[in-house]
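**Q** The structure is given below, and queries will be raised subsequently.
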Amino acid sequence: MTSATQQGNGATATAAPRKGADQPPVLVYENVRKMYGDFVALNGVSLQVNKGEVMCLIGPSGSGKSTLLRCTNALETLNGGRVLLDGIPLPTRETEVRKVRQRMGMVFQSFELFPHKTALDNVAMGPITVLGMSEADARKRAMVLLEKVGLESKAGNFPANLSGGQQQRVAIARALAMEPEVMLFDEPTSALDPETVGEVLNVMKKLAQEGMTMIVVTHEMSFAQRVANWVVVFENGAILEEGPPAQIFENPTVARTRDFLGHLGWNG
Amino acid sequence: MNFDWNVIWTHRGALWDGALMTVGLTVLTMLLAVPGGILLALMRLSSNKMLSSASLAFVEFFRNLPLILVIYWAFYVMPIAFDVQFSALTTALVALVLNVSAYNAETFRAGINSIRKGQMEAALAMGMSRRQAMFKVVIPQAARRILPVLASTWISLFKDTSLVSVIAVSELAYTSMQIRAQTFRVLEMLTAMAALYWLMGYPQAKLVDWIHKKYGVKE
Amino acid sequence: MDVDFSPIIENWRFFAGGLGVTVLLSVISAVTSILSGLVIALLRLYGPRWLSTVLVFYVDTMRAIPILVVLVWIYFAFPLLAGVTFPPFWAALVGLTLHIAAYASEIIRAGIESIRPGQTRAGLALGMSRAQILRKIILPQATIRMLPAFGSVLTMAIKDTAIATVIAVPELMHRAETVAGQSYRPVEVFTTVMVLYFLVLFPVTRIVDRMYQKLAHLGRS
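Those protein sequences? They're chains A, B and C, same order as listed.
What the first sequence shows, in this note's numbering, is residues 1 to 268, in sequence order.
What the second sequence shows, in this note's numbering, is residues 1 to 219, in sequence order.
What the third sequence shows, in this note's numbering, is residues 1 to 221, in sequence order.
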């Protein structure tokens with residue numbers, strides 16, 4: 001990871017270009033607005049996600065980071081602005097939205113494994129139902145992915161017989177089964193016991209090393225600092241600051257970023 | 001006062017037929033009212049405002065009326081509305097099916113809504129259509145919660161079939177009371193009626209208990 | 001099809017009287033059912049074993065036998081056995097209470113059992129007697145949770161009073177049948193009575209629904 005060199009008071013310049021900057025960005029958010037009744041969740045957010053980048057969205061609860069993630073795969077509709085995937089705005093017709101969703105994988109805070117299916121069938125479900133793959137092929141692919149997350153021995157288990165960390169790893173495998181271009185993580189470790197957080201973060205780190213484009217909403221600051229290529233700090237539905245982890249965690253330009261990290265007990 | 005309990009044995013044929021009719025009505029009504037309830041629930045859950053309101057109105061209508069009144073009303077209104085003479089049995093069936101469908105609609109709707117929103121979202125996020133998500137993820141889970149309630153509705157229906165006796169359908173209650181009128185054996189026939197319902201109903205009640213225990217929600 | 005509502009308008013007092021009996025019978029049987037249900041539930045939970053078995057049998061029997069059968073038996077058959085006659089209203093009251101109390105006792109039993117055992121233990125630790133714990137800790141909490149279910153008992157009672165027509169109780173359903181028979185205008189009569197029942201039941205079911213929503217967070221997890 002390249003580190004920032006400080007110039008003057010607060011301003012920074014990166015020594016190397018941002019990862020993936022040599023290609024057009026995978027995702028572009030243009031002035032995205034989202035409201036729930038009177039509450040403004042996203043207040044005209046503009047952001048760009050590069051190919052192969054690991055982007056972490058951090059910030060206090062209710063600051064809009066999860067909302068932005070859910071707008072990305074159209075689980076939420078926009079009240080203003082656009083989201084562009086590979087330069088094309090997200091469609092509105094459900095049949096086309098579904099095709100876009102197939103290109104993105106999402107991992108939820110509450111895992112949301114399907115309790116009435118085994119781990120293997122959970123992972124195979126996407127390919128069978130959505131891609132029309134045969135059961136045999138889908139199961140083969142599912143097994144490979146379960147091996148990848150280290151859970152091939154639990155393939156026949158139902159979610160109720162898996163620990164939280166194991167369930168989340170199966171959930172990651174399930175999302176990967178669709179061979180997405182982008183992986184969206186919505187606070188993947190917030191509901192886990194501290195002991196199991198590590199096993200999930202390791203899987204995510206491996207994915208990052210393989211070059212997957214990832215957007216991760218998280219409170220795990222050490223993960224953000226060590227694995228992210230780009231960190232975006234949210235507050236009150238807007239971006240407070242964004243930059244490489246070194247900038248955000250060691251030399252933030254905005255005072256309130258410092259406050260937020262300080263509140264978390266982050267000594268850098 | 002002398003009692004002649006023999007009269008029950010003498011008329012066992014008619015009583016047996018009455019009991020069969022009771023069971024038949026229950027089974028047939030439920031067979032029709034389950035799809036009926038599903039249809040109404042889907043209408044209610046659809047995004048189409050008209051379908052949703054129509055379903056809501058239908059369900060509210062039957063939730064707020066005594067069944068015996070619905071039976072009478074159907075008996076008098078159906079011939080006039082459709083200009084056809086219906087048998088009492090058909091009328092009874094229509095009234096029962098409409099009534100139970102309304103209750104089933106609520107059961108199915110509540111069952112489906114009790115499944116966490118996140119399950120639907122996880123399915124959609126994979127690229128499933130709403131329909132696929134419903135049928136592959138939500139409904140299989142909801143079925144577990146719906147079954148015990150459906151079992152309770154079944155028992156209520158079984159008892160409610162006695163109400164169609166008021167329009168002279170020959171189920172157990174009507175048959176027993178007819179025999180009472182013919183033989184003047186009031187205590188014997190009415191006790192027999194109660195006993196026969198008990199014999200049929202008690203095991204069903206126990207079965208419903210078992211279903212509740214087996215499929216009870218352990219969230 | 002010609003429509004003639006005059007028999008209803010002319011007999012409005014007759015109908016009003018019937019409606020009054022319906023409301024009276026419903027409310028009284030709802031109250032007696034809940035009170036009886038409370039006694040039955042407490043006896044089942046805290047009484048001797050043999051009594052519990054008898055009461056379980058009673059409750060399950062009422063789940064198996066239709067209310068129509070119970071009402072008819074009490075009004076027509078019981079007098080032959082005991083030598084006493086009941087006027088229709090009282091026969092209906094006894095029959096309805098007998099039937100609905102079983103259901104009410106199950107609600108109350110479930111409500112009491114839904115209170116965490118820790119609550120009882122806390123009371124015992126403070127030195128309270130079992131009766132005090134029941135009265136001051138368990139019942140107040142359980143009652144709030146059971147309120148919506150009690151509302152359902154009331155709607156049940158209102159609908160079941162209509163069945164009392166078969167034993168000639170002069171409630172609304174019976175009055176409707178009388179006027180329909182005399183005026184040969186069953187469609188108009190029964191439609192009007194439908195509206196009346198709906199107007200009585202709808203507010204009650206609405207309130208019950210709202211109570212269920214507001215108290216949902218207190219339900220057993």
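Built from N, CA and C at the ideal position, the CB exists for glycine as well.
Source: prediction; values computed, not measured.
#1: If you draw a straight line from the C-alpha of W5 of chain B to the C-alpha of A192 of chain B, how long is it?
#2: Would the region 81 to 99 of chain B and the region 154 to 174 of chain B be scored as touching if the rule is three or more Cβ pairs under 8 Å?
#3: Under 7 Å Cβ to Cβ from L98 of chain B, same chain only, skipping five residues before and after it: list those, please.
#4: Would you list the one or two residues that DSSP bridges to L57 of chain A?
#5: As a quick exercise: from A:H219, A:M106, A:A238, pick the residue whose alpha carbon is nearest that of G44 of chain A.
#6: From K218 of chain B to F114 of chain A, what distance separates their C-alpha atoms?
#7: Spell out whether any CB of chain B is found under 8 Å from the CB atom of V130 of chain A.
#8: How should S61 of chain A be labelled, buried or exposed, when 16 other C-beta atoms within 10 angstroms of its C-beta is the threshold for buried?
#9: Look at the alpha carbon of S46 of chain B and the alpha carbon of T192 of chain C, and state the distance between them as a whole number of angstroms.
#10: Between the region 179 to 194 of chain B and chain C, which residues of the former have CB atoms less than 9 Å from a CB of the latter, in chain order?
#11: Label F220 of chain B either buried or exposed according to how many other C-beta atoms from any shown protein chain fall within 10 Å of its C-beta, with 16 as the threshold for buried.
#12: Have a look at B:A57, B:A133, B:V59 and flag the residue whose alpha-carbon is nearest the alpha-carbon of E121 of chain B.
#13: Within 8 Å of any Cβ in chain A, is that where the Cβ of G118 of chain B sits?
#14: Quick one: complete alpha helix (DSSP H) runs, 4+ long, within the region 82 to 161 of chain C?
#15: Under a Cβ-count criterion, where at least 16 other Cβ atoms within 10 Å of its own Cβ denotes burial, should M194 of chain C be classed as buried or exposed?
#16: Check the Cβ-Cβ distances between R63 of chain B and every residue of chain C, and say whether any is below 8 Å.
#17: Quick check: E171 of chain C and T22 of chain C, are their CB atoms within less than 8 Å of each other?
#18: Using DSSP with H/G/I as helix, E/B as strand and the rest coil, what is L84 of chain A?
#19: With distances taken Cα to Cα, identify the nearest neighbour of T143 of chain C among C:I74, C:G123, C:L215.
#20: Quick one: which residues of the region 186 to 199 of chain C get their C-beta closer than 8 Å to a C-beta of chain B? List them in chain order.
#21: Given a cut-off of 8 Å on the beta-carbon distance, is the pair M106 of chain A and A74 of chain B in contact?
#22: Taking a cut of 7 Å between CB atoms, which residues from the region 133 to 145 of chain B lie near chain A?
#23: Exposed or buried, A164 of chain C, counting other C-beta atoms within 10 Å across all chains shown (16 or more means buried)?
#24: How many angstroms separate the CA atom of I215 of chain A from the CA atom of E242 of chain A?
#25: Going by the beta-carbon positions, is the gap between A255 of chain A and V54 of chain A smaller than 8 Å?
#26: Taking only runs of the beta strand (DSSP E) that begin and end inside the region 111 to 190 of chain B, which ones reach a length of at least 3 residues, in chain order?
#27: Could you pull the start and end residues of the beta strand (DSSP E) that G52 of chain A belongs to?
#28: Tell me, which residues are paired with N43 of chain A by DSSP?
#29: Quick test of the definition: if touching needs 3 or more C-beta pairs under 8 Å, does the region 33 to 52 of chain A touch the region 68 to 80 of chain A?
#30: Residues of chain B with a CB under 9 Å from the CB of N161 of chain A: which are they?
#31: Please list the terminal residues of the continuous alpha helix (DSSP H) segment that includes E135 of chain A.
#32: Listed in chain order, which residues of the region 40 to 60 of chain C have Cβ atoms closer than 8 Å to some Cβ of chain B?
#33: Could you tell me which residues DSSP puts in a beta bridge with V28 of chain A?
#34: Between the region 7 to 27 of chain B and the region 180 to 195 of chain B, can you find at least three pairs of beta-carbon atoms closer than 8 Å?
#35: Using DSSP bridges, identify the partner residues of E250 of chain A.
#36: Secondary structure at I67 of chain C, three-state DSSP: helix, strand or coil?
**A** Taking the geometry as given:
#1: On the second sequence, residue 5 of chain B is found 5 positions in, with the first residue counted as 1. On the second sequence, residue 192 of chain B is found 192 positions in, with the first residue counted as 1. Straight-line Cα distance between these residues: approximately 9 Å.
#2: yes
#3: Residue 98 of chain B sits at position 98 when you count from the first residue of the second sequence. Hits under 7 Å: F62.
#4: Indexing the first sequence from 1 puts residue 57 of chain A at position 57. BP columns for L57 of chain A point to A:V217, A:V232.
#5: As a first step, residue 44 of chain A must be located in the first sequence, where it is residue number 44. Nearest of A:H219, A:M106, A:A238 to G44 of chain A, Cα basis: A:A238.
#6: The residue labelled residue 218 of chain B in the question sits at position 218 within the second sequence. The residue labelled residue 114 of chain A in the question sits at position 114 within the first sequence. Residue placement at K218 of chain B cannot be trusted, given a pLDDT of 47 that sits under 50; what the coordinates show is reported in the next sentence. Taking the straight line from one Cα to the other gives about 16 Å.
#7: On the first sequence, position 130 is the one that residue 130 of chain A refers to. Interface residue, yes.
#8: The residue you call residue 61 of chain A lines up with position 61 of the first sequence. S61 of chain A comes out exposed.
#9: Here residue 46 of chain B refers to the residue found at position 46 of the second sequence. Here residue 192 of chain C refers to the residue found at position 192 of the third sequence. Their backbone Cα atoms lie some 32 Å apart in a straight line.
#10: R180, V186, L187, E188, M189, L190, T191, M193, A194
#11: Residue numbering for chain B in the displayed model covers 1 to 219; residue 220 of chain B lies beyond these limits and cannot be assessed.
#12: Stepping through the second sequence from its first residue, residue 121 of chain B is reached at position 121. Measuring from the Cα of E121 of chain B, the nearest candidate turns out to be B:A133.
#13: Here residue 118 of chain B refers to the residue found at position 118 when the second sequence is read from its first residue. At least one chain A Cβ lies under 8 Å of G118 of chain B.
#14: 88 to 113, 117 to 125, 130 to 133, 139 to 161
#15: Here residue 194 of chain C is taken as the residue at index 194 of the third sequence, counted from 1. Buried, since its Cβ has 16 or more Cβ neighbours within 10 Å.
#16: The residue given as residue 63 of chain B occupies position 63 in the second sequence. Yes, contact with chain C.
#17: As a working note, residue 171 of chain C is residue 171 in the third sequence. As a working note, residue 22 of chain C is residue 22 in the third sequence. Yes, the pair counts as a contact, with Cβ atoms nearer than the cut-off.
#18: Reading the first sequence from its first residue, position 84 is the one you call residue 84 of chain A. Strand, per DSSP.
#19: Locating residue 143 of chain C in the third sequence gives position 143, where the first residue counts as 1. Of the candidates C:I74, C:G123, C:L215, the one whose C-alpha sits nearest the C-alpha of T143 of chain C is C:L215.
#20: P186, V187, F190, T191, V193, M194, Y197, F198
#21: By one-based count along the first sequence, residue 106 of chain A stands at place 106. By one-based count along the second sequence, residue 74 of chain B stands at place 74. The answer is no: Cβ separation not under 8 Å.
#22: K136, V137, P140, Q141
#23: Within the third sequence, residue 164 of chain C is the residue found at index 164, counting from 1. With 16 or more Cβ atoms within 10 Å of its Cβ, A164 of chain C is classed as buried.
#24: Mapped onto the first sequence, residue 215 of chain A falls at position 215. Mapped onto the first sequence, residue 242 of chain A falls at position 242. Cα to Cα, the separation comes out at about 14 Å.
#25: Taking the first residue of the first sequence as position 1, residue 255 of chain A is located at position 255. Taking the first residue of the first sequence as position 1, residue 54 of chain A is located at position 54. No; because the gap between Cβ atoms is not below 8 Å, this pair is not in contact.
#26: none
#27: Mapped onto the first sequence, residue 52 of chain A falls at position 52. No beta strand (DSSP E) holds G52 of chain A; DSSP gives it neither H nor E.
#28: Here residue 43 of chain A corresponds to residue number 43 of the first sequence, with the count starting at 1. Bridge partners of N43 of chain A: A:R33.
#29: yes
#30: Within the first sequence, residue 161 of chain A is the residue found at index 161, counting from 1. Residues of chain B passing the Cβ test: none, with the nearest at roughly 14 Å.
#31: Locating residue 135 of chain A in the first sequence gives position 135, where the first residue counts as 1. Per DSSP, E135 of chain A belongs to the alpha helix (DSSP H) from 135 to 148.
#32: D60
#33: For the purposes of this step, residue 28 of chain A is taken as residue 28 along the first sequence, with counting starting at 1. Looking at the DSSP assignment, V28 of chain A forms a beta bridge with A:Q48, A:L84.
#34: yes
#35: Against the first sequence, residue 250 of chain A aligns to sequence position 250. Bridge partners of E250 of chain A: none, in fact.
#36: As a first step, residue 67 of chain C is located in the third sequence; it is residue number 67 there, counting from the start. Here I67 of chain C sits in helix by DSSP.
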